[in-house]
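Q: Have a look at this one before I ask anything.
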Amino acid sequence: MSATRFIRAFGRGSTFIFLPLIFIIVYHISFIETGLFLGSATLLMAFVQYYSGILTDKIGRRTILVYSQIPAVVFYLLIYYTVANPFYFLLLLGSWYGTIIINSIQYPAVQASVADITSVRDRLSGYTIMRIMANLGIAIGPLIGAYLASYGLQYIFLISSVVTVVEILMLYFMMRETYNPKEHIQVKKGELSRAYLKDRFFVIFIVIGVLLQIFMRQRGSSFTVYTIVLQHLPYMYLGYIWALNGVLVVVLQFPLLRLMTKLGNPMVWRGIGTLFYAISFLILTNSSAFLILVLFMTVSTIGEDLLSPTTQSIITTLAPDNMRGSYVGVYNLYSSFGGFAGAIIGLYLLFELQSIASTYWLYIALGTMVVAVMYIFISGLFSRRMVELNDSINLKASGVGDK
């Protein structure tokens, strides 16, 4: 699974970085319209993940992981064609939405399969290994994408199509099923919503996650547009910066993982990671010089290493065994509204404040700091929840639960 994450990131990582530039530079779409397209894609992604999360708990992981990706090969080829021949914007948009749907179908199955084969204690390590392999791909992919972009943005998507074929073959021949639905109680209609809505802590976690996504979105499309369109920096700068992100994840993730597992509460570390993101946004208020961008990516990557592995670890730990994929889908569904709002609000504010972009980044930094405080505030509740969970596991292990 980790190997296929590497292959995917290597081949597809550049598509998400350079797509906003295709909208604005190739098709001359406005900032606000680009934000609407990107934001609506986030909502589409979340709705698909919600239902695919339920589906993976019903039929297992392997079928979804393997066969859902076959249409992606065609969609990336269509995007290659429409960027090379910029007369078919609707075909480009439809094909891109197609890749969003395909990727979304697979995502809950990926996350749930890691939870299937790891204990609660080792789960954070499992997701960390997945992230490291994905970021090895990110360390290489954007550099290749930036190089290809100098010859034509369309070649990025041709590579994505070819690499997706490799990913499908690897999953088909190497992936074994990690979850047998027949061995678990099937979720009845309405049971999922009753389960997560009764879990007040999970609801609070979702609400904060919505706010987090508003600000995290600015590290993606808004940062890309800021560097290339507003600051007129070369494509290779963007490739270098995201390659740096991939390298730093690989180098720093295991030392930070040891620190997190040694000192405990994932929710506290989640707050600290969000604080690092806030500091990185403050750095961008200085200038757009290349060294400033390097410092921004370095600090934000430390935040990413502290925050990202905890997301799925917390969700799948809170979820009942037969609802892991479903809980991942539920969280992604609700948090996507933050991503939707963040894409639109971010690019709109960036357009309005483009002459004083430092003010824009200051607003984003302050909002991110507020979210960091929220995570630290609920860390005590999470600690108590983990104590209750461990007590329950120990009772079952001793046989008391059966009696």
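Numbering (my numbering), first residue to last: 3 to 405. Even for Gly, the Cβ is constructed at its ideal location relative to N, Cα and C. This structure is a prediction, so every number in the text was calculated from the model and none was measured.
1. With a cut-off of 8 Å, do at least 3 Cβ pairs link the segment 46-63 to the segment 137-156?
2. What three-state label does DSSP hand F89 in the structure shown?
3. Let me make sure I understand the geometry here. Which of I316, Q233, V209, Y90 has the alpha-carbon closest to that of L427?
4. Am I right that V270 and I378 are in contact with their C-beta atoms under 8 Å? What's the rounded C-beta distance?
5. How would you write the range of the alpha helix (DSSP H) that V165 sits in, first residue to last?
6. DSSP three-state call for E179: helix, strand or coil?
7. With 16 as the cutoff for other CB atoms within 10 Å, does A291 come out buried or exposed?
8. Does the beta-carbon of R260 have 16 or more other beta-carbons within 10 angstroms, so that it is buried, or is it exposed?
9. Going by beta carbon distance, what residues of the same chain come within less than 7 Å of I81, once the five residues before and after it are set aside?
10. Of the choices G62, Y149, T370, I24, whose alpha-carbon is the least far from that of Y90?
11. Taking a contact to mean a Cβ-Cβ separation below 8 Å, would you say T166 touches Y78 in this structure?
12. Just to confirm my understanding: we take F203, look at its own chain, exclude 5 residues before and 5 after, and list those with CB closer than 8 Å. What are they?
13. Any heavy atom of the ligand FMN within a distance shorter than 7 Å of the CB on I19?
14. Using only the alpha-carbon positions, how far apart do L45 and G340 sit?
15. Identify which residue in L297, T287, V227 has its Cα closest to the Cα of I366.
16. How many whole angstroms separate the CB atoms of S54 and I107, which I take to be in contact at a CB cut-off of 8 Å?
17. Measure from the C-beta of T312 to each C-beta in chain B and report whether the shortest distance is under 8 Å.
18. Taking 8 Å as the cut-off, does the segment 29-44 touch the segment 339-355 (at least 3 CB pairs, one atom from each stretch)?
19. According to DSSP, is T120 part of a helix, a strand, or is it coil?
20. Pairs of beta-carbons, one from the segment 168-175 and one from the segment 64-75, closer than 8 Å: are there three or more?
21. What residue range is occupied by the uninterrupted alpha helix (DSSP H) comprising R219?
22. If we count the other Cβ atoms within 10 Å of its Cβ and call it buried at 16 or more, is S70 buried or exposed?
23. Spatial neighbours of L295 within its chain, please: CB distance less than 6 Å, with the 5 preceding and 5 following residues excluded, ordered by chain position.
24. Quick check on A62: does DSSP put it in helix, strand or coil?
A: Reading off the structure:
1. Flag = no, the segment 46-63 and the segment 137-156 do not touch.
2. Residue numbering aside, residue 89 sits at position 87 when the sequence shown is read from its first letter. F89 falls in the coil class under three-state DSSP.
3. Given a span of 3 to 405 for the chain in the structure shown, any question on residue 427 remains unanswerable.
4. As a position in the sequence shown, residue 270 is number 268, starting the count at 1. As a position in the sequence shown, residue 378 is number 376, starting the count at 1. Taking C-beta atoms under 8 Å as the contact rule, V270 and I378 qualify, at a distance of about 6 Å.
5. Residue mapping note: residue 165 aligns to position 163 of the sequence shown, counting from 1. From DSSP, the alpha helix (DSSP H) with V165 extends over 156-176.
6. Position 177 of the sequence shown holds residue 179. For E179, the secondary structure class from DSSP, reduced to helix, strand or coil, is coil.
7. Working through the sequence shown from its first residue, we reach residue 291 at position 289. So A291 ends up on the exposed side.
8. Position 258 of the sequence shown, counted from the start, is the residue given in the question as residue 260. With fewer than 16 Cβ atoms within 10 Å of its Cβ, R260 is classed as exposed.
9. By 1-based counting over the sequence shown, the position of residue 81 is 79. For I81, same chain residues with a beta-carbon under 7 Å away, outside a window of 5 residues either side, are L94, S97, W98, F159 in chain order.
10. Within the sequence shown, numbered from 1, the residue matching residue 90 stands at position 88. With distances taken between Cα atoms, Y90 lies closest to I24.
11. As a first step, residue 166 is located in the sequence shown; it is residue number 164 there, counting from the start. As a first step, residue 78 is located in the sequence shown; it is residue number 76 there, counting from the start. Taking 8 Å as the Cβ cut-off, T166 and Y78 qualify as a contacting pair.
12. Counting from 1 along the sequence shown, the entry for residue 203 is found at position 201. The residues L320, I380, L383, F384, R387, in chain order, have a CB closer than 8 Å to that of F203 in the same chain once the five nearest residues on each side in sequence are set aside.
13. This structure lacks the ligand FMN; in fact it carries no ligand of any kind.
14. Locating residue 45 in the sequence shown gives position 43, counting from the first residue. Locating residue 340 in the sequence shown gives position 338, counting from the first residue. Taking the straight line joining both Cα atoms gives about 9 Å.
15. If you number the sequence shown from 1, residue 366 lands on position 364. Selected option, being the one with the closest Cα: T287.
16. The residue you call residue 54 lines up with position 52 of the sequence shown. The residue you call residue 107 lines up with position 105 of the sequence shown. Right, the Cβ-Cβ distance comes to about 4 Å (below 8 Å), so this counts as a contact.
17. You won't find chain B in this structure, because it holds only one protein chain.
18. They touch, by the three-pair rule.
19. Counting from 1 along the sequence shown, the entry for residue 120 is found at position 118. Coil, per DSSP.
20. With a cut-off of 8 Å on Cβ pairs, the segment 168-175 is in contact with the segment 64-75, counting three or more such pairs.
21. The residue given as residue 219 occupies position 217 in the sequence shown. DSSP places R219 in no alpha helix (DSSP H); its state is neither H nor E.
22. Locating residue 70 in the sequence shown gives position 68, counting from the first residue. The C-beta of S70 has 16 or more other C-beta atoms within 10 Å across all chains shown, which makes the residue buried.
23. By one-based count along the sequence shown, residue 295 stands at place 293. Taken in chain order, the residues that qualify are I243.
24. The residue you call residue 62 lines up with position 60 of the sequence shown. Before going on, a small fix: residue 62 reads as Gly here, not Ala. Correct three-state label for G62: coil.
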